[in-house]
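**Q** Take a look at the following structure, please.
Numbering (the working numbering), first residue to last: 114 to 404.
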């Protein structure tokens with residue numbers, strides 16, 4: 114795959130090539146048929162040479178699971194070889210299809226990390242695994258020989274991957290949130306997140322660098338699927354009509370109460386050693402008419 118510095122952008126094949134090169138199809142650990150002679154995890158990735166790109170392949174039809182593949186040339190746009198033969202009308206040649214050219218001098222969005230969702234349902238499945246299977250799961254997704262995930266998304270209150278609908282507070286007109294309670298999350302979700310945190314901390318402690326401010330370990334993004342029902346115009350946690358958060362009123366500070374609800378969530382998580390890296394005001398805000 115190649116695109117010279119002076120070629121017009123060809124996003125379709127560039128994006129497709131990158132996806133084909135880097136995408137890894139993942140499944141629950143217990144469902145992957147690993148051949149008896151194969152290790153379920155790849156060995157730690159070794160640093161590539163400056164002009165090479167290391168990559169792995171997962172293809173069930175070939176019984177390949179995170180299998181290291183032959184290195185491919187990695188050419189920076191600042192490398193003379195990448196531009197020496199380029200002309201304004203240079204086109205990609207078939208014999209250059211395995212070359213990746215990167216404009217290293219052009220900075221775009223910063224990637225903070227990769228990860229998955231930590232939900233009540235996934236926590237429920239995790240707690241049913243044997244201790245050995247739990248360890249293999251954590252290593253496969255967060256360990257040094259696995260995907261090395263460093264980000265996660267979780268929910269504030271229930272979501273569509275919870276075991277049931279719930280909120281931390283459902284008492285109408287309790288604007289001071291005196292009945293706020295996160296007991297439900299303490300049953301499964303919070304212990305699950307703490308296990309993930311411990312897996313990443315253990316990896317960092319034995320790896321190249323310990324967790325620092327620049328490398329905070331697990332970055333968690335928390336999102337609410339719905340405010341408590343009484344704070345919404347439909348008066349329901351999940352409703353079949355368009356609704357939204359009630360407007361602030363002098364004697365009924367609905368929006369201030371919701372802000373306090375979120376604040377109490379953050380305090381409770383912090384008290385349990387979990388400090389979300391970011392929050393969003395709503396899951397899928399453009400399609401959340403029923404929340």
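Note that the Cβ used here is the ideal one computed from N, Cα and C, for glycine as well.
Within 8 Å, do at least three Cβ pairs link the region 221-231 to the region 259-272?
**A** Touching, yes, given that three or more Cβ pairs across the two stretches are closer than 8 Å.
**Q** Name, in chain order, the residues that DSSP records as bridge partners for residue 228.
**A** 264, per the DSSP bridge assignment.
**Q** Could you tell me the alpha carbon to alpha carbon distance between residue 184 and residue 244, rounded to whole angstroms?
**A** Whole-angstrom Cα-Cα distance: 36 Å.
**Q** Spell out a yes or no on whether the region 304-315 and the region 328-337 are touching, meaning 3 or more CB-CB pairs, one atom from each, closer than 8 Å.
**A** As far as the Cβ criterion goes, the region 304-315 touches the region 328-337, which means the pair count is three or higher.
**Q** Can the beta-carbon of residue 170 be found less than 7 Å from the beta-carbon of residue 182?
**A** Result yes, Cβ atoms of residue 170 and residue 182 sit closer than 7 Å.
**Q** Where are the alpha helix (DSSP H) runs, 4 residues long or more, that stay fully inside the region 288-356, in chain order?
**A** Those alpha helix (DSSP H) runs which fall completely within the region 288-356 and span 4+ residues are 296-300, 302-319.
**Q** Sorted by chain position, which residues of the same chain lie with C-beta nearer than 6 Å to residue 396's C-beta, five sequence neighbours on each side aside?
**A** Excluding positions up to five away in sequence, the list reads 336, 338.
**Q** Between the Cα of residue 288 and those of 348, 368, 379, spot the shortest distance and give me the residue it belongs to.
**A** When each option's Cα is compared against that of residue 288, the closest is 368.
**Q** Can you give the Cα-Cα distance for residue 399 and residue 357, rounded to whole angstroms?
**A** Looking at the two C-alpha atoms, the distance is approximately 12 Å.
**Q** By the DSSP assignment, the beta strand (DSSP E) with residue 174 in it spans what residues?
**A** Where residue 174 is concerned, there is no enclosing beta strand (DSSP E), given that its DSSP letter is neither H nor E.
**Q** Expressed to the nearest angstrom, what Euclidean distance is found between the alpha-carbon atoms of residue 292 and residue 224?
**A** Cα-Cα distance, rounded: 39 Å.
**Q** In the structure shown, what three-state DSSP assignment does residue 178 receive?
**A** In the structure shown, residue 178 sits in a strand (DSSP, three-state: E or B).
**Q** What are the boundary residues of the alpha helix (DSSP H) that residue 377 is part of?
**A** Here the alpha helix (DSSP H) through residue 377 covers 367-384.
**Q** Residue 218: which of 162, 188, 388 sits nearest, CA to CA?
**A** When only C-alpha atoms are compared, the closest one is 188.
**Q** How should residue 179 be labelled, buried or exposed, when 16 other C-beta atoms within 10 angstroms of its C-beta is the threshold for buried?
**A** Label assigned to residue 179: buried.
**Q** Under a three-way DSSP split, which group does residue 247 fall into?
**A** Residue 247: helix per DSSP, three-state reduction.
**Q** What three-state label does DSSP hand residue 406 in the structure shown?
**A** A query on residue 406 cannot be resolved here, the shown segment of the chain reaching from 114 to 404 and no further.
**Q** Report the three-state DSSP secondary structure of residue 218 (helix, strand or coil).
**A** In this structure, residue 218 counts as coil in the three-state DSSP scheme.
**Q** Check whether the Cβ atoms of residue 236 and residue 297 sit closer than 7 Å, and answer yes or no.
**A** Not closer than 7 Å, so no.
**Q** Would you kindly check if the distance between the Cβ of residue 290 and the Cβ of residue 373 is under 7 Å?
**A** Contact flag set, yes.
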